[in-house]
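Numbering (the UniProt record's numbering), first residue to last: 1 to 240.
Virtual Cβ for every residue (Gly too), placed ideally from N, Cα, C.
None of these values were measured; they are calculated from a predicted model.
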Ligand code: ADP
Ligand code: MG
């Protein structure tokens, strides 16, 4: 579904991604771990061209993202993105947050889109909050709304950038539970996370990034119990 080939990204003189090669298959859950500043967010943002790669290629469902003539908006609609900060529209209710993008893009009439939105809110356990405003929700609830909002576009892949890092510890589990459910339903997911328990339990594959390079990748159990790379060993010894 996603093919990243020799991806480089520099900000000014600083090269942040130094030749990344990654493949993500349909239905796969890939966890990206690594120290702060290693380029994880930059990589995720390149995947839907929130950042423009300096060189290299990203092929999504057979379409080269950076090629001339690629309809990037159309492809972006197939990629749901969930950030650390929820970025909900504060002046819209929860259900309106879910309906806004599909409405603007004529994905259906209001009644249909509302029905879908309520189904998705039910899925993340927040149907009873449909008419609340974001400010009336806890952080964990906001993040679950953000996930439902991304799902409202019916994406083929969900990209998560540290979705639980800004949350109080007691609500982290609720969000991870929703993500686990999505994974079990077969959603393709790329998840940057510090939640090693989640990576171990839910991911099919773990990618360890450091200094702008994929240092090691493999099955979670193998990586966590028998890391090969010295940097991976050192990182895991601090976080496990
Ligand atoms: P991570 O998500 O692994 O913590 P990031 O991808 O956020 O890492 O950042 C990697 C490096 O790129 C950091 O040194 C960061 O300061 C730098 N960086 C990220 N975004 C920008 C930007 N827009 N302009 C300049 N430098 C950036
Ligand atoms: Mg980051």
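Query raised in the report: Where DSSP assigns a beta bridge to residue 217, which residues make up the other side?
Result: Paired residues: 207.
Query raised in the report: Which of helix, strand or coil does DSSP assign to residue 31?
Result: Collapsing the DSSP output to three states places residue 31 in a strand.
Query - Opening and closing residue of the alpha helix (DSSP H) in which residue 99 lies - result: Boundaries of the alpha helix (DSSP H) around residue 99: 94-104.
Requested in this report: Give the DSSP bridge partners of residue 17, in chain order.
Outcome: DSSP output for residue 17 lists 9 as bridge partner(s).
Query raised in the report: Quick one: is residue 164 buried, meaning 16 or more other Cβ sit within 10 Å of its Cβ, or exposed?
Result: Residue 164 is buried by the Cβ-count criterion.
Report task. Measuring alpha carbon to alpha carbon, tell me which of 141, 10, 43 ends up nearest residue 23. Result -> Ranking 141, 10, 43 by Cα distance to residue 23 puts 43 first.
Query raised in the report: So, helix, strand or coil for residue 147, using DSSP?
Result: Correct three-state label for residue 147: helix.
Query raised in the report: Comparing alpha-carbon positions, which option in 85, 105, 71 lies nearest residue 166?
Result: Checking every option, the nearest Cα to that of residue 166 belongs to 85.
Query raised in the report: Got a sec: does the ligand MG put a non-hydrogen atom nearer than 7 Å to the Cβ of residue 192?
Result: Yes - the ligand MG has a heavy atom lying nearer than 7 Å to the Cβ of residue 192.
Query raised in the report: Just to confirm, does residue 14 get its C-beta within under 7 Å of one of the non-hydrogen atoms of the ligand ADP?
Result: The answer is yes for residue 14.
Query raised in the report: Thinking C-alpha only, which one of 195, 151, 131 is nearest residue 79?
Result: Comparing Cα positions, the closest option is 151.
Requested in this report: Ignore the nearest five residues each way along the sequence and tell me which others in residue 153's own chain have a CB closer than 7 Å to its CB.
Outcome: Once the five neighbours on either side are set aside, the close Cβ partners of residue 153 are 77, 80, 101, 102.
**Report entry** Closest residue to residue 160 among 169, 168, 182 (Cα-Cα distance)
**Finding:** It is 182 whose Cα lies nearest to the Cα of residue 160.
Query - Three or more C-beta pairs below 8 Å linking the region 189-198 and the region 26-41 - result: Touching, yes.
Query raised in the report: Along the chain, where does the beta strand (DSSP E) that runs through residue 80 open and close?
Result: 79-82 is the span of the beta strand (DSSP E), which, as asked, contains residue 80.
Query raised in the report: Hey, out of 169, 157, 176, whose CA is closest to residue 61's CA?
Result: Closest option to residue 61, Cα to Cα, is 157.
Query raised in the report: So, residue 134 versus residue 169, is the Cβ gap smaller than 8 Å?
Result: For the pair residue 134 and residue 169, the CB atoms are not nearer than the 8 Å cut-off.
Query raised in the report: Measuring from the CB of residue 37, is there a heavy atom of the ligand ADP at a distance below 7 Å?
Result: It does: the Cβ of residue 37 is within 7 Å (strictly closer) of some heavy atom of the ligand ADP.
Report task. Spell out a yes or no on whether the region 53-70 and the region 216-227 are touching, meaning 3 or more CB-CB pairs, one atom from each, closer than 8 Å. Result -> Below 8 Å, too few C-beta pairs join the region 53-70 and the region 216-227 to call them touching: fewer than three.
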